[in-house]
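For what it's worth, this note's numbering labels the leading residue of the sequence shown as 10, then goes sequentially. What follows is a set of notes on a single structure, which appears directly below.
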Amino acid sequence: MSHGASPSPLSAHSAKALTGTIRVPGDKSISHRSLMFGALAVGRTTVRDLLESEDVLATADAMRAVGAKIEKHADGSYTVDGVGLGSLLEPDRVIDFGNAGTGVRLTMGIFGTHDIAATFVGDASLSGRPMGRVLDPLRQMGTNVVARDGDRLPASVRGAKDPVPLTYRVPMPSAQVKSAVLLAGLNCPGETTVIEPIPTRDHTEKMLAGFGAEISVTLNEAGERVIKLQGQPELKPQNIDVPADPSSAAFPIVAALIVPGSDVTIENVMLNEHRTGLITTLIEMGGNIELMNKRSAGGEEVADIRVRASQLKGITVPAKRAPSMIDEYPVLAVAAAFAEGDTFMPGLDELRVKESDRLAAVARGLEANGIPCVETEDTLTVTGGANNIGGGTVITHLDHRIAMSFLVLGMAAHKPVTVDDGAVIATSFPTFKSLFSGLGADFSKNGSAAA
């Protein structure tokens with residue numbers, strides 16, 4: 010796990026142009042769930058193009074700890090021989106999730122209604138993130154929890170022998186909370202209901218249906234999503250082709266827009282309607298973005314995305330769009346630094362509880378590189394067009410998206426931009442440096458040319 014390694018500073022220098030056709034790693038959300046649902050199914054699930062990041066490999070390790078057999082094959086595919094819902098073995102070791110917030114929260118949901126005990130730990134960043142938003146509904150379903158003050162890691166859960174289904178209104182727009190409750194409901198008798206006032210990414214619902222669960226999604230009179238899941242189904246193994254991660258694609262998309270002369274195509278990117286807020290926003294800002302060869306793959310719409318350098322303009326990003334692009338605000342702030350005028354981003358309170366306080370980390374990173382910005386409790390305003398951008402060192406706080414966003418800044422800035430730790434990028438995008446180098450990016454590590 011990178012969280013135990015020494016920091017490895019990395020700098021990005023101004024690039025002449027970024028050109029080429031690339032494929033970014035498989036979607037992290039789909040990758041996590043493929044391993045989890047495969048472990049809960051009876052039989053063999055095959056997964057192609059799995060994201061081999063530290064986060065996802067931590068989920069694989071957690072599923073192995075409860076009895077699933079997970080193997081990588083010569084063709085790069087993975088197989089998951091599941092133990093079946095209700096048949097998880099008790100782990101004989103502590104489950105270390107490193108920096109993986111999605112992995113730990115969803116796994117807590119799965120374990121929380123199985124009659125097993127497990128202890129979860131993580132790195133310094135994950136140990137500072139709130140787990141009560143997941144643990145509270147699990148307690149209502151019968152899970153016993155022992156956690157550090159404020160419901161933070163390390164935390165131990167003892168699954169209920171006789172779990173009870175729950176009707177739960179999600180108090181904040183969080184796909185992780187929704188998913189944890191639904192996954193807990195899998196091993197409960199009867200019906201578990203989740204009410205979602207603000208829609209979030211719906212991979213859990215789609216994939217559960219694909220694995221054979223009885224699940225429905227309707228709208229109530231207030232326009233809220235009502236998700237009903239019948240407990241204790243027999244999940245059936247699947248063959249899964251993981252599409253490219255739109256959150257990872259965000260980095261070459263923004264880089265191609267802001268580096269003069271760039272022309273980059275990213276292949277096979279997932280276009281789930283709850284994940285495309287950044288693309289919508291960048292097009293509104295004047296970005297030359299073309300969605301080509303739209304098609305369906307594994308129940309999700311995918312497309313190849315061609316991006317050419319563009320003169321962007323500042324806009325106000327609707328707050329209601331935040332759930333569909335919550336992970337992309339750091340790199341959007343970088344795009345805004347090169348836009349004409351102000352870009353105003355409201356509704357960002359959820360950024361305070363990500364891998365870092367991302368809102369503060371972005372603001373400090375912009376300031377360190379001469380970019381005017383104003384941060385409030387839940388908004389960020391970035392003023393573009395400043396001269397002499399760059400030259401600063403950004404504190405990543407063990408946050409992979411902060412590191413990648415500011416390296417993208419360095420590709421278009423007047424002076425190099427350094428992040429205090431490039432190693433954290435392996436959390437979600439282990440091929441980031443090699444992929445960008447192939448497009449023409451210029452990196453250096455500890456003052457020398459990067460490998």
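Where a beta carbon is used, it is the ideal one built from N, C-alpha and C, also for glycine. Here the structure is a predicted model, which is why all the values come from computation and not from measurement.
Reduced DSSP category for residue i - H, G, I as helix; E, B as strand; rest coil
i: Gln-239; result: strand
i: Met-216; result: helix
i: Met-279; result: strand
i: Ala-458; result: Only weak support exists for where Ala-458 lies, its pLDDT of 44 falling under 50; the value from the coordinates is given anyway. Correct three-state label for Ala-458: strand.
i: Asp-84; result: coil
i: Lys-78; result: strand
i: Ala-50; result: coil
i: Phe-415; result: helix
i: Ile-479; result: Outside the shown range of the chain, which is 10 to 460, sits residue 479, and nothing can be said about it.
i: Phe-129; result: strand
i: Gly-151; result: coil
Outcome for residue i when other beta-carbon atoms lying within 10 angstroms are tallied against a minimum of 16
i: Ala-370; result: buried
i: Thr-405; result: buried
i: Gly-431; result: buried
i: His-82; result: exposed
i: Pro-180; result: exposed
i: Leu-287; result: buried
i: Val-103; result: exposed
i: Ser-305; result: exposed
i: Met-413; result: buried
i: Lys-329; result: exposed
i: Gly-296; result: buried
i: Lys-37; result: buried
i: Ala-231; result: exposed
i: Arg-42; result: buried
i: Asp-64; result: buried
Beta-bridge pairing of residue i - partner residues as DSSP gives them
i: Phe-452; result: Ala-21
i: Glu-299; result: Arg-315
i: Asn-108; result: BP columns for Asn-108 are empty, so no partner.
i: Cys-382; result: Val-391
i: Ala-253; result: Gly-35, Val-278
i: Asp-90; result: Arg-53, Lys-78
i: Thr-325; result: Phe-353
Straight-line gap, residue i to residue j (C-alpha atoms, nearest Å)
i: Thr-213; j: Gly-221; result: 12 Å
i: Leu-9; j: Lys-363; result: Since the first and last residues shown for the chain are 10 and 460, residue 9 lies out of range.
i: Thr-392; j: Met-117; result: 41 Å
i: Asn-397; j: Phe-415; result: 15 Å
i: Arg-148; j: Leu-175; result: 11 Å
i: Leu-321; j: Ala-189; result: 39 Å
i: Ile-224; j: Arg-367; result: 34 Å
i: Ile-298; j: Asn-229; result: 36 Å
i: Ile-2; j: Asp-313; result: Residue 2 is absent from the model: the chain starts at 10 and stops at 460.
i: Ser-20; j: Met-354; result: 27 Å
i: Leu-192; j: Met-334; result: 23 Å
i: Leu-444; j: Leu-97; result: 39 Å
i: Gly-52; j: Ser-319; result: 49 Å
i: Gly-137; j: His-409; result: 16 Å
i: His-423; j: Pro-18; result: 19 Å
Within-8 Å CB hit, residue i to chain B
i: Phe-445; result: Although the question refers to chain B, the structure presented lacks it and comprises just one protein chain.
Nearest-angstrom beta carbon gap, residue j and residue i [assumed within contact, 8 Å]
i: Gly-121; j: Gly-47; result: Contact flag wrong, Cβ pair sits at about 19 Å.
i: Glu-309; j: Pro-252; result: 6 Å
i: Ala-265; j: Glu-337; result: Wrong, their Cβ atoms sit about 15 Å apart, outside the cutoff.
i: Ala-395; j: Gly-379; result: 6 Å
i: Gly-112; j: Ala-71; result: 7 Å
i: Val-33; j: Ile-275; result: 6 Å
i: Pro-327; j: Ile-207; result: Contact doesn't hold; Cβ gap of about 12 Å is too wide.
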